[in-house]
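The structure appears right after this line, and notes come after that.
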Amino acid sequence: MSDDFDKFIDELQEEVNQEVQRQYSPNAMDLMTRHPNHGVMNDATCKGSARGVDGETMSFYLKVKDGIIEQASYTTSGCQPAHAAGAQVTFLVRKKRIDLAKGITADVIWNAIGKMPEDTRHSFVLAEMALKNAVEDCMKQK
Numbered sequence: 001m002s003d004d005f006d007k008f009i010d011e012l013q014e015e016v017n018q019e020v021q022r023q024y025s026p027n028a029m030d031l032m033t034r035h036p037n038h039g040v041m042n043d044a045t046c047k048g049s050a051r052g053v054d055g056e057t058m059s060f061y062l063k064v065k066d067g068i069i070e071q072a073s074y075t076t077s078g079c080q081p082a083h084a085a086g087a088q089v090t091f092l093v094r095k096k097r098i099d100l101a102k103g104i105t106a107d108v109i110w111n112a113i114g115k116m117p118e119d120t121r122h123s124f125v126l127a128e129m130a131l132k133n134a135v136e137d138c139m140k141q142k
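Going by my numbering, the sequence shown opens with residue 1, and the numbers climb by one from there.
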């Protein structure tokens, strides 16, 4: 009986894995599980936050020197796709001029991550709004 149960569990897990691979790119899976650059940056030069329609929040912390973003981190109270969007933004902005970072839109983030379910797009809009607020904070300090 135990062998049949173990076989059932293995087959079920394989079905789940295949479904996840159909819906999410390897990059998306990596970002959602590792959460790179997640956390408050205490020595950030500027910060921006946004609140989504469902109440979830995202914040970006940027360390800028001579107009170039040297480091970036994020926090979010949102879902795993929000973590993916936040983490992807930190990679997209690094070593970029602060004035060019405001051109990073939800579509740019979405395309950089790769395949994800369409119903996660709200997380990318949230990331765009929070990034724009962080860039505005930096521009005010000039």
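Note that the Cβ used here is the ideal one computed from N, Cα and C, for glycine as well. Note that this is a predicted model, so its numbers are computed, not measured.
query = Of all the options F91, R94, H83 and D10, which has the alpha carbon lying nearest to the alpha carbon of V125?
reply = Position 125 of the sequence shown, counted from the start, is the residue given in the question as residue 125. Considering only alpha carbons, the answer is H83.
ask   = Using the beta-carbon count (16 or more within 10 Å), is G55 buried or exposed?
value = Reading the sequence shown from its first residue, position 55 is the one you call residue 55. Under this definition G55 is an exposed residue.
Cβ-based neighbour list, R117, same chain, cut-off 7 Å, excluding 5 preceding and 5 following = Mapped onto the sequence shown, residue 117 falls at position 117. Note that residue 117 is Pro in the sequence shown here, rather than Arg. Correct list, in chain order: Q23.
query = In whole angstroms, what separates the C-alpha of I68 from that of K140?
reply = In the sequence shown, residue 68 corresponds to position 68, counting from 1. In the sequence shown, residue 140 corresponds to position 140, counting from 1. Computed Cα separation, rounded: 15 Å.
inquiry  = If you follow the beta strand (DSSP E) that A72 is in, where does it begin and where does it stop?
reply    = Numbered from its first residue, the sequence shown carries residue 72 at position 72. Per DSSP, A72 is one residue of the beta strand (DSSP E) stretching across I68 to T76.
request  = Decide yes or no for the touch test of the segment 12-20 against the segment 57-76: beta carbon pairs closer than 8 Å, at least 3 of them.
outcome  = no
ask   = If you scan the segment 72-117 from start to end, which runs of the beta strand (DSSP E) of 3 or more residues do you find wholly inside it?
value = Within the segment 72-117, there are no complete beta strand (DSSP E) runs of at least 3 residues.
ask   = From A50 to Q21, what distance separates their C-alpha atoms?
value = Position 50 of the sequence shown, counted from the first residue, corresponds to residue 50. Position 21 of the sequence shown, counted from the first residue, corresponds to residue 21. Taken atom to atom, the span from the alpha-carbon of A50 to that of Q21 is near 30 Å.
query = Exposed or buried, N37, counting other C-beta atoms within 10 Å across all chains shown (16 or more means buried)?
reply = Here residue 37 is taken as the residue at index 37 of the sequence shown, counted from 1. Buried, by the Cβ-count rule.
message = On the CB-based measure, 16 or more other CB atoms within 10 Å of its CB, does P81 come out buried or exposed?
response = The residue you call residue 81 lines up with position 81 of the sequence shown. With 16 or more other Cβ atoms within 10 Å, it is buried.
inquiry  = Beta-carbon within less than 7 Å of E19's beta-carbon, same chain only, minus the 5 sequence neighbours each way: which residues are those?
reply    = One-based indexing of the sequence shown puts residue 19 at position 19. Nothing listed; no residue qualifies.
key: Beta-carbon gap between T57 and T76 smaller than 9 Å   = Within the sequence shown, residue 57 is the residue found at index 57, counting from 1. Within the sequence shown, residue 76 is the residue found at index 76, counting from 1. Taking 9 Å as the Cβ cut-off, T57 and T76 qualify as a contacting pair.
ask   = Considering A50, what are the terminal residues of the beta strand (DSSP E) in which it resides?
value = Counting from one through the sequence shown, the residue named residue 50 turns up at place 50. Taken as a continuous stretch (DSSP letters only), the beta strand (DSSP E) holding A50 covers C46 to R51.
ask   = What did DSSP end up calling M139 once you bin it into helix, strand or coil?
value = In the sequence shown, residue 139 corresponds to position 139, counting from 1. Helix at M139.
key: Euclidean distance between Cα positions of E128 and T90   = By 1-based counting over the sequence shown, the position of residue 128 is 128. By 1-based counting over the sequence shown, the position of residue 90 is 90. Each residue's Cα considered, the two are about 12 Å apart.
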